[in-house]
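Protein chains in written order, with UniProt numbering: chain A, 1 to 377; chain B, 1 to 76.
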Ligand SMILES: Cc1cc2nc3c(=O)[nH]c(=O)nc-3n(C[C@H](O)[C@H](O)[C@H](O)COP(=O)(O)OP(=O)(O)OC[C@H]3O[C@@H](n4cnc5c(N)ncnc54)[C@H](O)[C@@H]3O)c2cc1C
């Protein structure tokens, strides 16, 4: 049995390590071969980018060598896939190699596409890449006061980021003693300040207490860079001195080019996590079109289900578990307090008031992540 | 080309039905019809509010066996 994992990010890495352990005897006996193809020899802890944007982590702290995170029995190659030939059960890579499989897992993640909104690339700071997070931090350091506007593109990964960045900005300006010289306005695409109703209910009084203004039903249409104005699809506009954007996302180009899914999102069965119409192709994390949040947490819980199911297919010929939509998200409520949201398809999250210990748990998790992707946590 | 597409956002808290619809609206062509399925009571009001504000069109909005079926057309 040849199992091929495409993508060595959060989902792919947890899945491959989990499978390598579950199938260690079969791999040793050469009954199973487990291969991973990825686009990079490095693994980035993406949630750390928010800390880089506020000068609390340096970019080099976000990386580990991908090979060092993988079980030795995984055959790992840095060689991105260019063609998915699903009818032939094979993929073709950049180097021209063809890899055949019996079971394929696609976990290629998502990318930002700020260029889809006119003026956003030139006009806004963001923190979704290493370079943009460093640039945002430098802008924040130079900022002496004025109007800060935050806008949110759809869809985007890490749905908690829009509220977290507001709380962090508030605390950052307070620490620099210039909060009274800054006005802050938050813009959100739907009719409340967060897509999860209980997060919106919890965050609203926090925004009020911190003096953060908000406008809902604001989908960013274009940025007039010359006049420092951001305009919405809904016909409103906001002036700013500093614009911060959660950029809109798409799945990877390779997914779109191979016609696996519009927008780079692969149609996925929400319980089995198989690609619709393909029983031997699984989809993990950001690249699925599932209406669950695009988070490392969703990728993590999905990877555990898929690993258990693939291992069972090898051992007993059938999968054993369904994905229930589980997600767990830390929510930083500033530089010293945090809470969390845990939910699945059927049960909404119940938010507790933020505490200091929860913040320190998140800081500890920033290191524990490396244990987590090794599949040990 | 005009097409009709179903977006199943039943039983979701995040990103939520309206956010899902906004995603698919961006990908659609002017004239396309999209049908959003939602079990969230709020959607029946939220979705038409957004559709009117942006200037698209609500074709129909009905509840069938606990699921809201909201059909919309991309107008611009
Ligand atoms: C600023 C920020 C804050 C975040 N905060 C949180 C948070 O607090 N909590 C949380 O749970 N999540 C958070 N996330 C989201 C989280 O990082 C992602 O959702 C998660 O990494 C998705 O995992 P994935 O496996 O789907 O994709 P990724 O981890 O992005 O991995 C994709 C992999 O695919 C590889 N790849 C791409 N193209 C190809 C190809 N053609 N062939 C082979 N390999 C390919 C890439 O090299 C990469 O290794 C945050 C993200 C950002 C940017």
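Just so you know, even glycine gets a beta-carbon here, dropped at the ideal spot from N, CA and C. Computed from a predicted structure; not experimentally measured.
Spatial neighbours of residue i in its chain, beta-carbon cut-off 8 Å, leaving aside the 5 residues before and after
i	result
residue 129 of chain A	49, 112
residue 305 of chain A	273, 321, 322, 323
residue 283 of chain A	105, 106, 107, 266, 268, 273, 274, 275
residue 5 of chain B	24, 28, 32, 33, 34, 35
residue 95 of chain A	79
residue 327 of chain A	292, 293, 295, 297, 298, 301, 341, 342, 343, 344
residue 361 of chain A	330, 338
residue 43 of chain A	8, 9, 13, 63, 64, 65, 66, 69, 373
residue 256 of chain A	250, 262, 263, 264
residue 16 of chain B	9, 40
residue 121 of chain A	114, 115
residue 69 of chain B	35, 36, 37, 60, 61, 62, 63
is_contact[residue i, chain A] using C-beta, thresh 9 Å
i	result
residue 18 of chain B	yes
residue 30 of chain B	no
residue 12 of chain B	yes
residue 49 of chain B	yes
residue 42 of chain B	yes
residue 26 of chain B	yes
residue 6 of chain B	no
Min CB distance residue i to chain B below 9 Å
i	result
residue 109 of chain A	no
residue 284 of chain A	no
residue 277 of chain A	no
residue 323 of chain A	no
residue 116 of chain A	yes
residue 134 of chain A	no
residue 354 of chain A	no
residue 248 of chain A	yes
Residues near residue i in its chain [Cβ-Cβ closer than 7 Å; skip 5 each side]
i	result
residue 258 of chain A	83, 84
residue 203 of chain A	163, 193, 194
residue 308 of chain A	320, 321
Listed by chain order, chain A residues near residue i by CB distance under 8 Å
i	result
residue 33 of chain B	None at all; the shortest Cβ gap to chain A is about 16 Å.
residue 75 of chain B	Ordered by position in chain A, no residue passes the 8 Å Cβ test against residue 75 of chain B, which lies about 12 Å from the chain.
Nearest-angstrom Cβ-Cβ length linking residue i and residue j, presumed shorter than 8 Å
i	j	result
residue 72 of chain B	residue 56 of chain B	6 Å
residue 30 of chain B	residue 76 of chain B	6 Å
residue 267 of chain A	residue 19 of chain B	Actually they do not touch by this definition, with Cβ atoms about 18 Å apart.
residue 38 of chain A	residue 78 of chain A	6 Å
residue 264 of chain A	residue 250 of chain A	4 Å
residue 219 of chain A	residue 22 of chain B	6 Å
residue 16 of chain A	residue 74 of chain A	5 Å
residue 252 of chain A	residue 109 of chain A	7 Å
residue 248 of chain A	residue 150 of chain A	Not a contact, Cβ separation roughly 14 Å.
residue 196 of chain A	residue 349 of chain A	6 Å
residue 281 of chain A	residue 86 of chain A	6 Å
Contacts that residue i makes with chain A (C-beta to C-beta distance below 9 Å)
i	result
residue 72 of chain B	Residues of chain A passing the Cβ test: none, with the nearest at roughly 14 Å.
Residue i: CB within 8 Å of a non-hydrogen atom of ligand 3
i	result
residue 68 of chain A	Ligands present in the displayed structure are limited to ligand 1, and ligand 3 is not among them.
Listed by chain order, chain B residues near residue i by CB distance under 7 Å
i	result
residue 234 of chain A	53, 54
residue 219 of chain A	22
residue 263 of chain A	27
residue 205 of chain A	Per Cβ cutoff of 7 Å: no residues; residue 205 of chain A is ~20 Å from chain B at best.
Where residue i meets chain A, residues with beta-carbon distance less than 7 Å
i	result
residue 15 of chain B	155, 159, 195, 291, 293
Contacts around residue i, its chain only, beta-carbon distance under 6 Å, and the 5 residues preceding and following it disregarded
i	result
residue 334 of chain A	167, 171
residue 11 of chain B	39
residue 1 of chain B	Caution is warranted here: a pLDDT of 45 is assigned to residue 1 of chain B, below 50, making its placement in the model unreliable, and the coordinate value is therefore given only provisionally. Correct list: empty, nothing qualifies.
residue 379 of chain A	The structure shown does not extend to residue 379 of chain A, since chain A spans only 1 to 377, so no value can be given for it.
residue 290 of chain A	268, 270
Under 8 Å from the C-beta of residue i: neighbouring residues of chain B
i	result
residue 408 of chain A	This structure cannot settle anything about residue 408 of chain A, because the visible part of chain A is limited to 1 through 377.
residue 327 of chain A	14
residue 348 of chain A	13
Chain C residues whose Cβ lies nearer than 7 Å to that of residue i
i	result
residue 189 of chain A	Absent from the structure is chain C; the protein chains it does hold are A and B.
Contact between the stretch 63-70 of chain A and the stretch 368-377 of chain A: three or more CB pairs below 8 Å?
yes
Check whether the stretch 309-320 of chain A and the stretch 283-298 of chain A touch, using three or more Cβ-Cβ pairs below 8 Å as the test.
no
So does the stretch 266-277 of chain A actually touch the stretch 172-188 of chain A, counting three or more Cβ pairs closer than 8 Å?
no
Determine, using beta-carbon pairs with one atom in the stretch 219-227 of chain A and one in the stretch 155-171 of chain A, whether at least three such pairs fall under 8 Å.
no
When you compare the stretch 3-17 of chain A with the stretch 27-46 of chain A, are there three or more beta-carbon pairs, one atom per stretch, that lie closer than 8 Å?
yes
Quick check: the stretch 132-139 of chain A against the stretch 44-63 of chain A, are there 3 or more CB pairs under 8 Å?
yes
I'd like to know if the stretch 13-30 of chain A and the stretch 141-153 of chain A are in contact, where contact means that at least 3 CB-CB pairs between them fall below 8 Å.
no
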